[in-house]
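Residues 11 to 568 in the working numbering are what the sequence shown spells out, letter by letter. Built from N, CA and C at the ideal position, the CB exists for glycine as well. All remarks here apply to the structure that follows.
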Amino acid sequence: MPVIRLSLSRIRSLLGRDLGERDLEKLLMRLKSEVEGYSEGYVEVEVNSDRLDMMISEGVVRSLKGLLGIEVGLPIYRYRDSWIELEVSEVPQRRYIAMAVVRNINNSEGFIEELIQFQEKLHVTIGRRRRKVAIGIHDLSKIDSKICVYRELESDEKLVPLGYGRAMRVDEMIAETEQGRLYGSISIRDGKLPGIICGDKIISVPPVINSELTRVTRSTRDLLIDVTGTDLGYVEKTLEILSTTLAESSSERVIERVSIRAPWGSGATPRGELRRIIVGRGYISEILDVGGISILDITRSLLSMRLGVGEILGDDVEVIVPPYRIDISGPIDVVEDIAMAMDLNSIEPEPLAAVLPGRPSMATHIRRRLRDIMIGLGFTEVYRHVLVSREVLEILGYNSYLAIKNPVSSEMSAARPSIIPSILDTLKSSQHAPKPVRVFEIGEVVVRDPGVYTGWRTGLYLAAGVLDDSVSFEDIQAPLFSLIRTLGLRPRTASAEYPVFIRGRSAYIYADSHHVGVVGEIRLEMLRRMGIGFPAAVFELDLLRLLEAIKNPKSRRS
């Protein structure tokens with residue numbers, strides 16, 4: 011987790027009161043942060059990586075004020091339009107940009123040092139070392155043009171790089187400056203880099219370096235912030251964190267929106283939009299295992315964590331989330347904040363009514379039982395990752411799956427909605443082994459579920475496949491029926507169409523009256539596109555449905 015160095019005098023000044031080391035440590039611990047040590051008027055704090063807004067004294071103090079009762083509820087920021095306008099051209103290698111102006115900052119001793127640290131910590135975390143997001147912070151008073159332009163720079167255009175005393179061509183800057191050597195290759199395209207030009211002067215070459223022209227000094231009072239990147243959502247989130255947190259250093263808390271005309275649309279940033287999440291008292295009590303928590307307790311806790319409270323309808327509380335809290339995405343995150351406000355250390359554990367030995371769950375029992383049965387039927391167990399290739403899913407006709415943004419590899423670009431793709435990939439790599447090849451896997455899948463707030467849930471499936479010189483529907487149906495009968499259930503099938511199976515050679519699987527899966531022969535076209543040279547057949551079972559069939563004998567047919 012990131013470790014930041016903060017000035018104790020700045021913390022005291024922003025907080026408006028003195029705070030002893032022990033008190034500071036206790037409060038930071040409640041915010042999932044830990045003091046690493048003190049040295050010469052500074053404190054080193056390990057901040058939880060999800061609290062990006064707390065990488066500078068302004069953000070830390072904003073949270074401390076809530077816990078201390080100095081300021082509670084949503085921080086209030088005043089938004090107005092800036093005189094700066096931004097025109098965006100097509101910059102394919104780094105398409106997105108957003109801007110904001112923060113005025114009348116308290117540029118006290120140590121502010122610039124912390125500002126640079128804040129910027130770099132964001133670069134390393136949400137910015138993925140500037141590849142996803144890069145930040146530029148400028149002295150607004152040095153900009154005398156109303157219009158700024160974001161476009162590609164030619165290699166022979168010139169600027170004075172920050173920290174250098176002479177003008178350089180863009181290609182010279184990449185070769186001769188430390189930042190150019192480190193970051194110049196990230197967004198270069200045909201020798202061109204993105205650039206921000208205000209009037210006729212280049213003020214930034216993101217993600218590499220700013221211009222000396224707009225250097226932030228002790229006399230700086232107004233800041234122009236630019237954020238560029240490859241993902242518009244992350245660009246705008248980063249700007250919200252920066253603009254609101256830096257506005258904490260101003261008594262007016264004024265944030266000016268910059269008007270933007272871009273290929274993806276027109277508007278103004280930052281948006282400053284509040285989000286609303288409904289959380290029930292029963293849900294909070296269940297998660298925290300705290301009986302008797304009242305709506306008043308919940309409200310006080312939310313306000314002390316600098317969240318807002320909207321409508322209260324019965325036991326449901328509308329929680330209002332400020333734009334800088336990008337770590338809050340659903341009810342469970344709100345409950346975590348309530349727990350921190352209550353101070354988890356003060357929640358006394360209740361003794362268990364009875365000491366019960368641990369035992370495997372029913373799902374674990376059925377998993378072990380299925381494994382033994384499948385091995386007894388002559389199948390070999392395999393273990394595959396829950397992440398698979400999006401290309402394979404699309405080849406097999408799966409059009410509803412959870413895609414991974416910026417995957418490490420194209421082979422791990424989606425969460426599998428079924429184990430069938432993994433079974434077929436295993437059959438592909440095993441097709442030159444002695445025939446027949448019989449494999450199975452019991453593993454997790456990720457399926458769409460509108461009933462949960464994320465829209466997706468994890469399931470547990472069993473899939474098995476047979477590959478041979480000649481494979482029929484009966485070759486996979488026979489072990490499937492043996493499996494279901496061994497569990498004490500009556501198997502049957504009903505005709506079905508499934509994208510991966512041959513029409514007329516596929517079926518739904520029922521255990522008693524419960525629909526538990528699918529079975530069929532793989533289409534020749536699918537086999538060819540997967541690189542499999544032999545016929546194959548597969549079945550797949552949803553183990554939660556199968557478990558329900560085992561637990562509910564009343565639904566069995568006579």
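| Check | Outcome |
| --- | --- |
| Spatial neighbours of A559 in its chain, beta-carbon cut-off 7 Å, leaving aside the 5 residues before and after | L499, A521, D522, H524 and V526 |
| Proximity winner among S165, G137 and I126, relative to H148 (alpha-carbon distances) | I126 |
| Pairwise C-alpha distance: V398 and S67 | 42 Å |
| One or two residues paired with T390 in a DSSP bridge | V449 |
| Contact under 7 Å by Cβ, V264 with T248 | no |
| Y293, enclosing alpha helix (DSSP H) - first and last residue | R291 to L298 |
| For M352 and S314, the rounded distance between their alpha carbons | 9 Å |
| Separation of G461 from I323, as counted between CA atoms | Correcting the residue type first, residue 323 is Leu in the shown sequence and not Ile. Each residue's alpha carbon lies about 21 Å from the other. |
| Distance between V456 and P341 (C-alpha atoms, nearest Å) | 20 Å |
| I430 versus V481 - alpha carbon distance | 17 Å |
| From R90, I206, G137 and E119, residue whose alpha carbon lies closest to that of E262 | R90 |
| With 16 other Cβ atoms within 10 Å as the buried cut-off, status of K142 | buried |
| Beta-carbon gap between V344 and I287 smaller than 7 Å | yes |
| Coarse secondary structure for R533, derived from DSSP in three states | coil |
| V45 beta carbon less than 7 Å from that of V55 | yes |
| Runs of alpha helix (DSSP H) wholly within the stretch 102-171 (minimum 4 residues, chain order) | 121-134 |
| Nearest-angstrom Cα separation, counted from S423 out to R566 | Caution is warranted here: a pLDDT of 47 is assigned to R566, below 50, making its placement in the model unreliable, and no coordinate value can be reported. |
| CB of V548 within 7 Å of CB of G469, strictly | no |
| Per DSSP, cross-strand counterpart(s) of R179 | K168 |
| For D552, the residue or residues it bridges with in DSSP | Y471 |
| Close Cβ partners of S23 (< 7 Å) along its chain, the five nearest in sequence each way excluded | S118 |
| Pick from R15, L37 and L84 that is closest to I330, judged by C-alpha positions | L84 |
| Proximity below 7 Å, CB of L169 to CB of S99 | no |
| Contact under 7 Å by Cβ, M540 with F450 | no |
| Secondary structure of S339, DSSP reduced to three states | coil |
| DSSP bridge partner residues for A504 (one or two, in chain order) | Y518 |
| 7 Å Cβ cutoff met for L477 and L437 | yes |
| Length of the line joining the Cα atoms of L403 and R104 | 29 Å |
| Three-state secondary structure assigned by DSSP to V456 | strand |
| Paired residues, beta bridge with G527 - DSSP | I519 and L551 |
| Element boundaries [beta strand (DSSP E), containing I267] | What sits at residue 267 in the sequence shown is Arg, not Ile. Its beta strand (DSSP E) spans residues V264 to A272. |
| Exposure of H133, with buried meaning 16 or more beta-carbon neighbours within 10 Å | buried |
| Whether G26 touches T255 by CB criterion (7 Å) | no |
| Proximity below 7 Å, CB of L74 to CB of L37 | yes |
| C-beta atoms of E528 and E550 nearer than 7 Å | The sequence shown places Val at residue 528, rather than the Glu named in the question. Contact flag set, yes. |
| CA nearest to the CA of I136, picked from E182, L34, L96 and E250 | E250 |
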